[in-house]
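Below is one structure, written out as structure tokens; comments come after it.
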Amino acid sequence: LNVRSEGRTPFSIISPPSNIVQGDWRATTNKLETNRPTNNLDWNHPCIGARIVSVSYNSSKGNHMQKSRLLAISLLALGTVAFANVQGITLRRKLAPGTDTYMVTSKTSQAMTIPGMGDQDMDIAAGQTHVFTYGAVKDGKQSVKLAMTTDKMDVTGPMAQAMGDQKIPVIETTSTLDELNRMVGVPDKKAKTNAMMSMMMSSGQSVGIAFEFPSKAINVGDSWDITIPKSSMTPKEQKLKATLIGEAEGGYEIKITGTVNIAGTPPGGPAESPMGPMTTKLKGTTGIESTAIIEKETGRTLRLKVVSKSKVNVDINDGQMSIDSNGTSTTEYILKK
51 LNVRSEGRTP
61 FSIISPPSNI
71 VQGDWRATTN
81 KLETNRPTNN
91 LDWNHPCIGA
101 RIVSVSYNSS
111 KGNHMQKSRL
121 LAISLLALGT
131 VAFANVQGIT
141 LRRKLAPGTD
151 TYMVTSKTSQ
161 AMTIPGMGDQ
171 DMDIAAGQTH
181 VFTYGAVKDG
191 KQSVKLAMTT
201 DKMDVTGPMA
211 QAMGDQKIPV
221 IETTSTLDEL
231 NRMVGVPDKK
241 AKTNAMMSMM
251 MSSGQSVGIA
261 FEFPSKAINV
271 GDSWDITIPK
281 SSMTPKEQKL
291 KATLIGEAEG
301 GYEIKITGTV
311 NIAGTPPGGP
321 AESPMGPMTT
331 KLKGTTGIES
341 TAIIEKETGR
351 TLRLKVVSKS
361 KVNVDINDGQ
371 MSIDSNGTST
381 TEYILKK
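Following my numbering, the numbering of the sequence shown begins with 51 at its first residue and continues without gaps.
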């Protein structure tokens with residue numbers, strides 16, 4: 051007797067009749083009905099969604115009653131395994147004071163159309179260190195301070211000289227984090243950005259190392275919504291789709307996909323540039339495809355890869371210049387242990 055199964059809910063077993071013969075059998079809620087002759091048995095219980103997808107049973111010889119009982123006992127044991135699977139996986143972020151350091155690498159390629167200059171390309175390769183400092187836990191939340199240090203920034207293409215050799219200062223942000231891994235930023239009116247960061251933002255990225263977990267237990271293949279909150283770059287709350295792929299690298303693999311509408315101004319006020327303060331307004335869309343590995347015990351992101359493709363218009367200094375940009379960006383986060 052060989053049994054292979056898949057299922058989402060616990061199920062009861064209906065024992066086959068004593069005079070079972072070779073054939074293809076399907077178990078419904080109240081009866082057994084035979085299909086075409088074969089050596090395989092296919093049991094299906096549509097009302098509760100459990101399914102035995104392959105049962106090999108040779109009944110050409112021996113006592114049919116004895117074998118039917120053996121089949122029922124074997125399937126009952128299988129039902130116990132299916133019940134354990136039904137409990138599902140509960141993703142939760144373990145809140146505790148401490149520090150996490152991520153090494154972040156990104157590559158951004160942009161094709162821009164600039165009035166009076168025609169089509170221009172620019173490539174940006176960056177290396178950063180992101181240090182997250184987690185504070186005390188209170189009322190199911192904790193404060194998070196992030197310090198982003200740019201270790202390397204290489205710009206190539208005709209626009210590289212125009213951007214100048216800019217030193218990017220350490221960028222600090224403050225957020226709150228809860229057990230569903232929702233990290234909500236606290237606006238900082240004193241924060242500053244620069245032209246380089248503004249151009250990188252125009253390539254778009256809306257997924258970071260903390261993204262929303264489902265409130266209920268899930269199984270492999272299940273999906274849920276990730277909420278992108280309203281911000282200076284997103285005019286309204288938006289949704290991405292997350293799917294639990296399975297186990298990988300000692301954790302859970304999650305895929306995130308979707309499109310985000312962008313309309314607004316990058317945080318930090320006027321950007322610093324070789325030509326003086328520069329205000330930028332962005333409008334367009336960003337398509338996102340991400341893969342994350344989540345640590346089972348803590349819910350921390352061990353590794354994250356974000357690939358985004360954007361089509362954005364960049365308005366500079368309230369209409370003094372308008373740039374159409376098509377960009378592709380790949381960003382990888384790796385937790386330093």
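Positions of the beta carbon are idealized from the N, C-alpha and C atoms, including for glycine. Because the structure is a prediction, the values reported are computed rather than measured.
Quick one: what does DSSP say residue 387 is sitting in, helix, strand or coil?
Reduced to three states, the DSSP call for residue 387 is coil.
Would you give the residue range spanned by the beta strand (DSSP E) that residue 344 belongs to?
Looking at the DSSP string, the run of the beta strand (DSSP E) that includes residue 344 is 330-345.
Per DSSP, residue 376 forms a beta bridge with which residues?
Residue 376 is bridged by DSSP to 161 and 361.
For residue 265 and residue 341, what's the separation of their Cα atoms in angstroms?
The C-alpha of residue 265 lies about 20 Å from the C-alpha of residue 341.
Minimum C-alpha distance to residue 139 - residue among 267, 260, 220 and 173:
267
So what's residue 367 in DSSP terms, helix, strand or just coil?
Coil, per DSSP.
Give every residue of the same chain whose Cβ lies closer than 6 Å to the Cβ of residue 305, excluding the five residues on either side of it in the sequence, and list them in chain order.
Hits under 6 Å: 293, 295 and 341.
Compute the distance between the beta-carbons of residue 395 and residue 183, then report whether it is under 8 Å.
The question about residue 395 has no answer, for the chain in this structure spans 51 to 387.
So, is residue 316 buried or exposed, given that buried needs 16 or more other C-beta atoms within 10 angstroms?
buried
Here's the rule I'm using: 16 or more other beta-carbon atoms within 10 Å means buried, otherwise exposed. How should residue 373 be labelled?
buried
Under 8 Å, do residue 155 and residue 190 count as touching if we go by C-beta distance?
no
By Cβ distance below 8 Å, which residues in the same chain neighbour residue 171 in space, the five residues on each side in sequence not counted?
159, 160, 161, 162, 207, 208 and 209
So what's residue 206 in DSSP terms, helix, strand or just coil?
strand
Whole-angstrom distance between residue 333 and residue 173, CA atom to CA atom:
Residue 173 and residue 333 have their C-alpha atoms spaced approximately 21 Å apart.
Quick check: what's the CA-CA separation for residue 386 versus residue 369?
43 Å
Three-state secondary structure (DSSP) of residue 229:
Coil at residue 229, not helix or strand.
Answer with buried or exposed for residue 358, where buried requires no fewer than 16 other C-beta atoms within 10 angstroms of its C-beta.
buried
Of the choices 181, 164, 284 and 355, whose alpha-carbon is the least far from that of residue 375?
164
Residue 263 to residue 167, Cα distance in whole Å?
46 Å
Could you give the DSSP three-state label for residue 72: helix, strand or coil?
Low confidence applies to residue 72: its pLDDT is 45, below 50, so where it sits in the model is not reliable enough to give any reading.
Should residue 186 be labelled buried (16 or more other beta-carbon atoms within 10 Å of its own) or exposed?
exposed
With DSSP run on the structure shown, which of helix, strand or coil describes residue 353?
strand
Are residue 331 and residue 365 closer than 8 Å when you measure CB to CB?
yes
Whole-number beta carbon distance between residue 286 and residue 280, since they are thought to touch under 8 Å:
6 Å
Quick one: residues in its chain with C-beta nearer than 8 Å to the C-beta of residue 151, no 5 flanking neighbours on either side, listed in chain order?
179, 180, 181, 182, 385 and 386
Enumerate in chain order the residues of its own chain whose CB-to-CB distance from residue 299 is below 8 Å, with the five nearest sequence positions on each side excluded.
Excluding sequence neighbours, residue 299 sits near 343, 352 and 353.
Only counting the same chain, and skipping five residues up and downstream in sequence, which positions put a Cβ closer than 6 Å to that of residue 270?
Same-chain partners within the cutoff: 294 and 296.
How many Å lie between residue 197 and residue 272 at the Cα?
34 Å
Residues near residue 309 in its chain [Cβ-Cβ closer than 8 Å; skip 5 each side]:
335, 336, 337 and 338
Using beta-carbon positions only, say whether residue 145 and residue 192 come within less than 8 Å of one another.
yes
When you compare the CB positions of residue 402 and residue 312, do they come within less than 8 Å of one another, or not?
Residue 402 lies beyond the residue range present for the chain, which begins at 51 and ends at 387; the question has no answer from this structure.
Which residue comes first and which comes last in the beta strand (DSSP E) that contains residue 173?
168-188
My output table needs one value for residue 257: the three-state DSSP class, helix, strand or coil.
coil
On a Cα-Cα basis, can you pick out the residue from 229, 235 and 302 that is closest to residue 282?
235
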